[in-house]
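Input: a single structure, listed below in structure tokens.
There are 2 protein chains.
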Amino acid sequence: MLQTADLARVRRCACGNIRRTTRALTQYYDDKLKSTGLHTTQLTLLVNIGLEASVTITQLAELLLIDQTTLTRNLKLLKAQELVESIAGHDQRTRLWTLTDKGKAILEVALPLWQEAQAHIVEGMGKERYYSLLKELSALAALTE
Amino acid sequence: MLQTADLARVRRCACGNIRRTTRALTQYYDDKLKSTGLHTTQLTLLVNIGLEASVTITQLAELLLIDQTTLTRNLKLLKAQELVESIAGHDQRTRLWTLTDKGKAILEVALPLWQEAQAHIVEGMGKERYYSLLKELSALAALTE
DNA sequence: TCATAATAACTGTATATACAGCCTTTTGAA
DNA sequence: TTCAAAAGGCTGTATATACAGTTATTATGA
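See below:
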């Protein structure tokens, strides 16, 4: 028989709780970025492409723990906006992704807005607590390997 | 000009980091639940409906920090599988959602599998660290209000 | 060398998510 | 009492996400 106590235990679910907080944070950051037309997920992608410079989908997938097929779709949208572009790699199979000038330009507008959201969160938690939390999130992700 | 240092700062993004961990955790839990056909998100919904008993979409939305329109779609899928059902509330506008017998039955199968995934995470982190992390996730979500 | 493995990426399909806007019902104030 | 505002929920549309399966290319071992 299904017991209430069994159900109540699921309230402590790591996945459920982190997804809940993720929804709240995503809405918060997306709202701050609203005027740029960028979503936070897109900002993350652009930034990582900018930092890696000439990166393959596979490399991005490992770095961000995103399925390759998700990246195929997400990059397609960014490419349609001409924020990123890809060229053939030395290998016929691979494609190397980089930011376009338009991509760099939108980042210049978006970064200060992102910084506002980020500052609110970091200051709200306190720096020490915040960076400790980031470490715990990494540890959590590492447990799934 | 776009500086590498500005981009590097975004690597500490609360939203980006939590989304990354969420992807990893979701894949981990979903894989454990695979044989049931349930996704973790669906398990979360079923459990909360079971605990609340006769709950409206609006109440679930507040509890789980999920947009109402998302719940409309998610509940539709669960209803199609006959795991939940809804009846009219005292108010013509509201609908009350409950688990069906089939919904309760699938939970009985899914809960032990969920418990396996959960135990791996909790034991991997250590109980104290884990419950501390849950609190921090709540605090983080609260900062977005 | 050649057949097979592995690698890189893409397509089909499905769920999760949310914003904008809409309809219906209820509430509340003039 | 009546009408505007609020509440509850839904549809249209769009992005995010991943699994299963496919295609094309490269690497590898007999």
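Sequences listed follow chains A and B, in order.
Position 72 of the first sequence, counting from 1, maps to 72 under our numbering, and the rest follow consecutively.
Count along the second sequence from 1, add 145, and you get the number used in our numbering.
Glycine included, C-beta positions come from ideal geometry on N, C-alpha and C.
What you are looking at is a predicted structure, and each value in this text was computed from that prediction instead of being measured.
Since residue 66 (chain A) meets chain B, which of its residues come closer than 7 Å, beta carbon to beta carbon? Those are 168, listed as they occur along chain B.
Looking at C-alpha atoms only, which residue of A:143, A:127, A:145, A:77 is the closest neighbour of residue 159 (chain B)? Closest by alpha carbon: A:127.
Which residues, in chain order, does the segment 94–125 of chain A contribute to contact with chain B at a C-beta distance below 8 Å? For the segment 94–125 of chain A, which is checked against every Cβ of chain B, the residues closer than 8 Å are 104, 107, 108, 111, 114, 115, 117, 118, 120, 121, 122, 124, 125.
Assuming contact is defined by CB atoms lying nearer than 8 Å, are residue 243 (chain B) and residue 254 (chain B) in contact in what I supplied? Not a contact, by the Cβ cut-off of 8 Å.
Could you check which residue in A:141, A:49, A:121 has the C-alpha nearest to that of residue 267 (chain B)? When each option's Cα is compared against that of residue 267 (chain B), the closest is A:141.
Where does residue 23 (chain A) sit, in a helix, a strand or coil, going by DSSP? Helix, per DSSP.
Residue 199 (chain A) to residue 26 (chain A) span [Cα, whole Å]: Here chain A covers residues 1 to 145 and nothing more, so residue 199 (chain A) does not appear.
Which same chain residues end up closer than 8 Å to residue 195 (chain B) when comparing Cβ atoms and leaving out the 5 residues on each side of it in sequence? So the list reads 244, 248, 249, 252, once near-sequence residues are dropped.
Residues of chain B with CB under 9 Å from residue 74 (chain A), in chain order? Residues of chain B passing the Cβ test: none, with the nearest at roughly 12 Å.
Should residue 42 (chain A) be flagged as near chain B, meaning a C-beta pair shorter than 8 Å? Chain B, which has no Cβ nearer than 8 Å to the Cβ of residue 42 (chain A), makes this no.
Using a C-beta to C-beta distance shorter than 8 Å, which residues of chain A count as neighbours of residue 171 (chain B)? The contacting residues are 15, 19.
Between the segment 184–201 of chain B and the segment 64–73 of chain A, are three or more C-beta pairs nearer than 8 Å? Segments in contact, no.
Against residue 4 (chain A), what residues of chain B qualify as contacts under a CB-to-CB distance less than 9 Å, listed in chain order? Near residue 4 (chain A) (Cβ distances below 9 Å), the residues of chain B are 195, 196.
Residue 198 (chain B) - DSSP class collapsed to helix/strand/coil: Correct three-state label for residue 198 (chain B): coil.
Run down chain A in chain order and give the residues with a C-beta less than 9 Å from the C-beta of residue 216 (chain B). Chain A residues near residue 216 (chain B): none, gap ~12 Å exceeds 9 Å.
For residue 153 (chain B), decide whether its Cβ has a neighbour in chain A, counting only Cβ atoms nearer than 8 Å. With 8 Å as the cut-off, residue 153 (chain B) counts as an interface residue toward chain A.
Within the same chain, show all residues whose beta-carbon is closer than 7 Å to that of residue 227 (chain B), passing over the 5 residues directly before and after it, in chain order. Answer for residue 227 (chain B): 245, 247, listed in chain order.
Straight-line Cα distance separating residue 236 (chain B) from residue 269 (chain B): Near 47 Å, if we compare the C-alpha coordinates of residue 236 (chain B) and residue 269 (chain B).
Please tell me whether residue 192 (chain B) has its Cβ less than 8 Å away from any Cβ of chain A. So, interface residue.
State the beta-bridge partners of residue 240 (chain B) as determined by DSSP. DSSP, once it has assigned bridges, lists B:233 as partnering residue 240 (chain B).
Taking the beta carbon of residue 173 (chain B) as the centre, do at least 16 other beta carbons fall within 10 Å, making it buried, or is it exposed? Under this definition residue 173 (chain B) is a buried residue.
Nearest-angstrom Cα separation, counted from residue 63 (chain A) out to residue 193 (chain B): Between residue 193 (chain B) and residue 63 (chain A), the alpha-carbon positions lie close to 33 Å from each other.
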